[in-house]
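Chemist:
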Amino acid sequence: LSRTGEVFGIKELIIGSIRILEDQQFLNLSMTSHKWLRIKQVQERELKDYLIDMQAQGYTIIALEQTINSQNLYEFEFPEKTLLLLGNEREGIRADLLSLVDATVEIPQAGVIRSLNVHVSGALCISEYTRNGLIINFLQLCSCVIWPFSKELYRKINCFLALGIWSQFTFYAQWWSQSNCVLYINPEDLEKVRHEHAIVIMNHKYDIDWLAGWIICQRLGIIQGSKIVGKQSLKLVPIVGWCWIFTESIFLRRVWESDRETLVHDLSKVLANYPKDYYFNFLLFCEGTRFTEKKRLMSMKIAKEKGLPELKHHILPRTKGFTLLLQGAENRIAAVYDLTIGFKNTGAEPTLLSILKGRSCQAEIFVKRIPVSKIPQDTEGCNNWVHELYQEKDKIYDYFVNHGTFEGNGLPRIEVPRNYYDLLNELAWILIIGVPSLIYLFKFLWTSSLLVRLMFVILIGVATIGVRAMIAVTVTERGSKYGEIHKDK
Numbered sequence: 007l008s009r010t011g012e013v014f015g016i017k018e019l020i021i022g023s024i025r026i027l028e029d030q031q032f033l034n035l036s037m038t039s040h041k042w043l044r045i046k047q048v049q050e051r052e053l054k055d056y057l058i059d060m061q062a063q064g065y066t067i068i069a070l071e072q073t074i075n076s077q078n079l080y081e082f083e084f085p086e087k088t089l090l091l092l093g094n095e096r097e098g099i100r101a102d103l104l105s106l107v108d109a110t111v112e113i114p115q116a117g118v119i120r121s122l123n124v125h126v127s128g129a130l131c132i133s134e135y136t137r138n139g140l141i142i143n144f145l146q147l148c149s150c151v152i153w154p155f156s157k158e159l160y161r162k163i164n165c166f167l168a169l170g171i172w173s174q175f176t177f178y179a180q181w182w183s184q185s186n187c188v189l190y191i192n193p194e195d196l197e198k199v200r201h202e203h204a205i206v207i208m209n210h211k212y213d214i215d216w217l218a219g220w221i222i223c224q225r226l227g228i229i230q231g232s233k234i235v236g237k238q239s240l241k242l243v244p245i246v247g248w249c250w251i252f253t254e255s256i257f258l259r260r261v262w263e264s265d266r267e268t269l270v271h272d273l274s275k276v277l278a279n280y281p282k283d284y285y286f287n288f289l290l291f292c293e294g295t296r297f298t299e300k301k302r303l304m305s306m307k308i309a310k311e312k313g314l315p316e317l318k319h320h321i322l323p324r325t326k327g328f329t330l331l332l333q334g335a336e337n338r339i340a341a342v343y344d345l346t347i348g349f350k351n352t353g354a355e356p357t358l359l360s361i362l363k364g365r366s367c368q369a370e371i372f373v374k375r376i377p378v379s380k381i382p383q384d385t386e387g388c389n390n391w392v393h394e395l396y397q398e399k400d401k402i403y404d405y406f407v408n409h410g411t412f413e414g415n416g417l418p419r420i421e422v423p424r425n426y427y428d429l430l431n432e433l434a435w436i437l438i439i440g441v442p443s444l445i446y447l448f449k450f451l452w453t454s455s456l457l458v459r460l461m462f463v464i465l466i467g468v469a470t471i472g473v474r475a476m477i478a479v480t481v482t483e484r485g486s487k488y489g490e491i492h493k494d495k
């Protein structure tokens, strides 16, 4: 930074400690540039007041950070009086400082990996997750021998095993990156969700909206019952997709003739002999695909043809799947939970890569509980109900866009405290499996032949490809084209 600043003639370089100027490594790298550059110390505790003071002097504060509203660096026009705020590599820019900035910019990068050193900071996370996940998948495969004899026992075992995988995700979110999620919900409804089967409807606007939902499920102690109604390709996602198979999620081909039969058959199978005092929730994205503006515009053409109101923040919902799911429940599913999620601008960009990099994302979820008994059971009535629900969701999310929060929108704010289960789960894996594995691996590679070492490198490469495939599934830009083609569903 010292050399760059001197070359481009910046007015002043602000650093956290002036002692860095005495460090030999800095002196070797700076090539005496610091002697020709004005350098000032502003300690971290003073930084907020310093930024406020600079704004009062007419400076525009621009943060280089990945957030929801970050603009392309190459398309951004910097004001004449600019203060550029940079974060540290581990944590980025603090949320309280981001709330002060006038704009955020980011450096665009191609591909899934949005930072060239993501795997450096997340290497331990990825290796632990892959090893632990594959072990659990193997145990789930072994549990299949129990299915013909006791479906209840099989489901109890797989709820426990799924908890081991899902808890790793919430560990990275809650403890590794210090991300948080708060609810706006009726307190009575919050208590009911722990003790009933449910269908969960969520807007699909972010890369990790599902992870925010998992954080809440983990805190409530119901994450082991989480299932999805999703596209067939999700079954192929390493570890996660395989776990969904063993825990009886429902996968659709997006061909209504075959999907209709699949929904009826698979839901009936789940409802039969489900263990007493064990509860599941099916997550369903009625929009059918992750939100993009292109898909919204295409769906609004269909809405206009059908005489439906325009949605500003959602894709026109596809009602057939939900209607059939509700009818197949046969009153054995008590309620539908409508979740509208928003990520605050003060947090990091809501992506899985932000989580792996240890950057904190801040989410809010507005939750309404609708008893199944209050939803029309006939096809036409249920279809109309879904459209009305999404019109209401659109207003709720529009409130979030305008206010930056759901506060004041009719429901009390409740912060469900995090527990230590996912932290203890991860520490146990590290101590029992991780440390001994690393010791054994080091000894093995030290004494093995060149061919064996080459095979090990290939194995690591395959594992890395698998992890990248999992991450790619969550990236909006790499989502399916479903919804961009005019279909009458």
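Last residue of the sequence shown? That's 495 in my numbering, and every number before it is there in order. For each residue, glycine too, the CB sits at the ideal point set by N, CA and C. The structure presented is a predicted model; accordingly, all values stated were derived computationally and were not measured.
1. Counting Cβ pairs closer than 8 Å, one from the stretch 176-192 and one from the stretch 210-223, do we hit at least three?
2. Taking only three categories from DSSP, how would you classify Pro382?
3. Grab me the residues of Leu451's own chain with a C-beta within less than 7 Å of its C-beta, minus the 5 sequence neighbours each way, in chain order.
4. Report the rounded CA-to-CA distance for Tyr427 versus Leu317, giving the unit in angstroms.
5. Please return the same chain residues whose Cβ sits closer than 7 Å to the Cβ of Ile26, not counting the five positions on each side in sequence.
6. Three or more C-beta pairs closer than 8 Å, one from the stretch 344-361 and one from the stretch 280-287: is that the case here?
7. Evaluate Arg120 with the Cβ neighbour count: other Cβ atoms within 10 Å of its Cβ, from every protein chain shown; 16 or more gives buried, anything less gives exposed.
8. Quick check on Asn186: buried or exposed, where buried means 16 or more other Cβ atoms within 10 Å of its Cβ?
9. Return the CA-CA distance between Ser305 and Arg324, expressed in angstroms with no decimal places.
10. Cys187 lies in the beta strand (DSSP E); which residues open and close that run?
11. Tell me whether Gly128 is buried or exposed, calling it buried when 16 or more other Cβ atoms sit within 10 Å of its Cβ.
12. Report the residue ranges of all alpha helix (DSSP H) runs contained in full by the stretch 136-210; include only those spanning at least 4 residues, in chain order.
13. Pro377 by DSSP, collapsed to three states: which one?
14. Give me, in chain order, the residues of the same chain whose beta-carbon lies closer than 6 Å to that of Gly170; leave out the 5 immediate sequence neighbours on both sides.
15. With contact counted as at least three CB pairs below 8 Å, one residue from each stretch, are the stretch 286-299 and the stretch 222-232 in contact?
16. Out of Val199, Leu104, Leu57, state which residue places its alpha-carbon closest to the alpha-carbon of Ile376.
17. Reducing DSSP to helix, strand and coil, say where Tyr280 ends up.
18. Near His125, what residues of its chain come up, given a Cβ to Cβ distance below 6 Å and the 5 sequence neighbours on each side ignored?
19. What is the DSSP secondary structure of Gly98, counted as helix, strand or coil?
20. Figure out for me which residue from Glu52, Met60, Gln72 has the closest Cα to the Cα of Cys363.
21. Does the Cβ-Cβ distance between Thr295 and Thr329 come in under 8 Å?
22. With burial defined as no fewer than 16 other Cβ atoms inside 10 Å of the residue's Cβ, what is the status of Pro442: buried or exposed?
23. According to DSSP, Lys233 sits in a beta bridge with which residue or residues?
24. Short of 8 Å in beta carbon distance, which residues of its chain neighbour Ser149, apart from the five on each side in sequence? Order them along the chain.
25. Quick check: what's the CA-CA separation for Arg259 versus Val246?
26. If I follow the unbroken alpha helix (DSSP H) through Tyr343, where does it start and stop?
27. Beta-carbon separation of His507 and Asp404 under 8 Å?
28. Does the count of Cβ pairs from the stretch 333-347 and the stretch 193-210 closer than 8 Å reach three?
29. Of the residues Leu70, Gln77, Leu79, which one's Cα is nearest the Cα of Leu90?
30. Nearest to Cys367 by CA position, among Leu242, Leu433, Leu358, is which residue?
31. Is it right to say Phe369 is buried, meaning 16 or more other beta carbons lie within 10 angstroms of its own, or is it exposed?
32. Can you round the beta-carbon distance between Leu273 and Leu331 to whole angstroms, since I take them to be within the 8 Å contact cut?
33. Should Arg484 be labelled buried (16 or more other beta-carbon atoms within 10 Å of its own) or exposed?
34. Between the C-alpha atoms of Lys41 and Glu28, what's the straight-line distance to the nearest angstrom?
35. In this structure, how does DSSP classify Phe297 when only helix, strand and coil are distinguished?
Modeler: The short version:
1. yes
2. coil
3. Arg459, Phe462
4. If I take the Cα positions, the gap works out to 40 Å.
5. Phe32
6. no
7. Note that Arg120 scores 47 on pLDDT, short of 50, meaning its location in the model is unreliable; the coordinates nonetheless yield the value given after this. Taking all protein chains in view, the Cβ of Arg120 is crowded by 16 or more other Cβ atoms within 10 Å, so the residue is classified as buried.
8. It is buried - the Cβ of Asn186 has at least 16 other Cβ atoms within 10 Å.
9. Going by C-alpha positions, Ser305 is about 10 Å away from Arg324.
10. 186-190
11. Here Gly128 scores only 45 on pLDDT, less than 50, and its place in the model should not be relied on; the value that follows carries that caveat. That one is buried.
12. 157-177, 193-198
13. strand
14. Ile142
15. Judged by pairs of C-beta atoms under 8 Å, the stretch 286-299 touches the stretch 222-232, as three or more such pairs exist.
16. Val199
17. coil
18. The pLDDT assigned to His125 is 41, lower than 50, so where the model puts this residue is not dependable, and the model offers no usable value.
19. strand
20. It should be pointed out that residue 363 corresponds to Lys in this sequence rather than to Cys. Minimum Cα distance to Lys363 is reached at Gln72.
21. no
22. exposed
23. Phe288
24. Tyr160, Ile163, Asn164, Leu167, Phe252
25. 19 Å
26. Per DSSP, Tyr343 belongs to no alpha helix (DSSP H); it is in the beta strand (DSSP E), 341-349.
27. The structure shown does not extend to residue 507, since the chain is modelled only from 7 to 495, so the question has no answer here.
28. Flag = yes, the stretch 333-347 and the stretch 193-210 touch.
29. For Leu90, the closest of Leu70, Gln77, Leu79 by C-alpha to C-alpha distance is Leu70.
30. Leu358
31. Note on identity: in this sequence residue 369 is Ala, with Phe being the wrong assignment. Burial call: buried.
32. 6 Å
33. Summary for Arg484: the model assigns pLDDT 47, below 50, so the residue's position carries little reliability, and this model does not support an answer.
34. 12 Å
35. coil
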